[in-house]
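In the UniProt record's numbering, the protein residues as written are 1 to 197.
Dropping the structure here:
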C-alpha cells in the first residue's frame, strides 16, 4: 500500500460540479492499493498516517514534531490506483494495482480504521472509482511518499494460513464477514478561487 502525503492549508475533492469533501489545515493523502495488499498493510498505513510528525509545535515553533492527531487536524484521503503503475514504453500499465470491489473493501477498511482510532468527522474521502478533481493548497510545500513494507515469504505464508483458517471457521459458524466503510462528508476548506494542483 502506497501513499502520497501532502501537508495542506486546505484541500477539496469535486466530481463534476459537485463538492464531495473538503478540509482546512491537515493532510491530503493519495492512497494506492497493490494486488498484494492485505489487512496488515491497512494496519501499518493507518498507524503511519495518524502519527507522522509533519507539523510544528504551536507553542515552541519546533518543526516536524506534531501529527494530525496531536493538533486535531483533518485528513482527506483519495483512492489513486495509478500509484501502482509501470511504464511499457511511454504507456502506463496498472496491472500491479488491486482491482475493483477488493480494492474498495481494503480502502474503506483503511478509512474505517483511522476513523475508529482518531475521529470519524476528521477523516474524509473522495468517491471511490469516480473521475475526481483534487484541489490542494500545499503548505511548504511538504510532500512525502510512503509504502507499507513487503512481508517476507515466511510472513506471507503465515498470513495465508491464518486467512484460510478464518475462512473455514466463518463457514462452519455460518457467519458472513464484511468490512464496512463510510462515505466522506463535506467539511470546511478551499474556496473555488484558490489554486489547485
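For each residue, glycine too, the CB sits at the ideal point set by N, CA and C.
Spatial neighbours of residue i within its chain, please: C-beta separation below 6 Å, excluding the five flanking residues on both sides.
| i | result |
| --- | --- |
| residue 97 | 81 and 84 |
| residue 143 | 6 |
| residue 179 | With a pLDDT of 40 at residue 179, under the threshold of 50, the modelled position of this residue cannot be trusted; read the value that follows with caution. Within the same chain, residue 179 has close Cβ partners 105 and 109. |
| residue 101 | none |
| residue 3 | 29, 31 and 146 |
| residue 136 | 6, 8, 11, 28 and 197 |
Under the DSSP definition of a beta bridge, which residues are partnered with residue i?
| i | result |
| --- | --- |
| residue 125 | 77 |
| residue 133 | 14 |
| residue 33 | BP columns for residue 33 are empty, so no partner. |
| residue 26 | 8 and 74 |
| residue 2 | 32 and 147 |
| residue 138 | 8 |
| residue 19 | 14 |
Can you check which of these residues, the options, is closest to residue i by C-alpha distance?
| i | options | result |
| --- | --- | --- |
| residue 25 | 42, 34, 73 and 59 | 73 |
| residue 40 | 95, 110 and 10 | 110 |
| residue 23 | 166, 163 and 125 | 125 |
| residue 16 | 168, 127, 91 and 162 | 127 |
| residue 9 | 157, 138 and 149 | 138 |
| residue 122 | 75, 1 and 54 | 75 |
| residue 160 | 54, 71, 11 and 36 | 36 |
| residue 53 | 60, 38 and 71 | 71 |
| residue 33 | 20, 95 and 90 | 95 |
| residue 103 | 165, 166, 89 and 42 | 42 |
| residue 46 | 164, 165, 163 and 107 | 107 |
| residue 1 | 120, 167, 151 and 59 | 151 |
Within its chain, find whatever has a CB closer than 7 Å to the CB of residue i; leave out the 5 residues flanking it on each side and keep chain order.
| i | result |
| --- | --- |
| residue 48 | 146 |
| residue 50 | 67, 68, 69, 114, 117 and 118 |
| residue 227 | Shown here, the chain extends from 1 to 197; a query on residue 227 therefore has no answer. |
Counting only the same chain and skipping the five closest in sequence on each side, list residues whose C-beta sits under 8 Å from that of residue i.
| i | result |
| --- | --- |
| residue 18 | none |
| residue 78 | 13, 28, 29, 30, 31, 125, 126, 132 and 134 |
| residue 56 | 62, 63, 64, 65 and 66 |
| residue 149 | 44 |
| residue 99 | 35 |
| residue 92 | 82, 85 and 86 |
| residue 157 | none |
Does chain B have any CB closer than 8 Å to the CB of residue i?
| i | result |
| --- | --- |
| residue 53 | No chain B is part of this structure, which consists of one protein chain only. |
If we require 4 or more residues per run, which alpha helix (DSSP H) segments fall completely within the stretch 53-114? 68-71
Could you tell me whether the stretch 96-115 touches the stretch 130-138, where touching means 3 or more Cβ pairs closer than 8 Å? Result no; under three Cβ-Cβ pairs closer than 8 Å.
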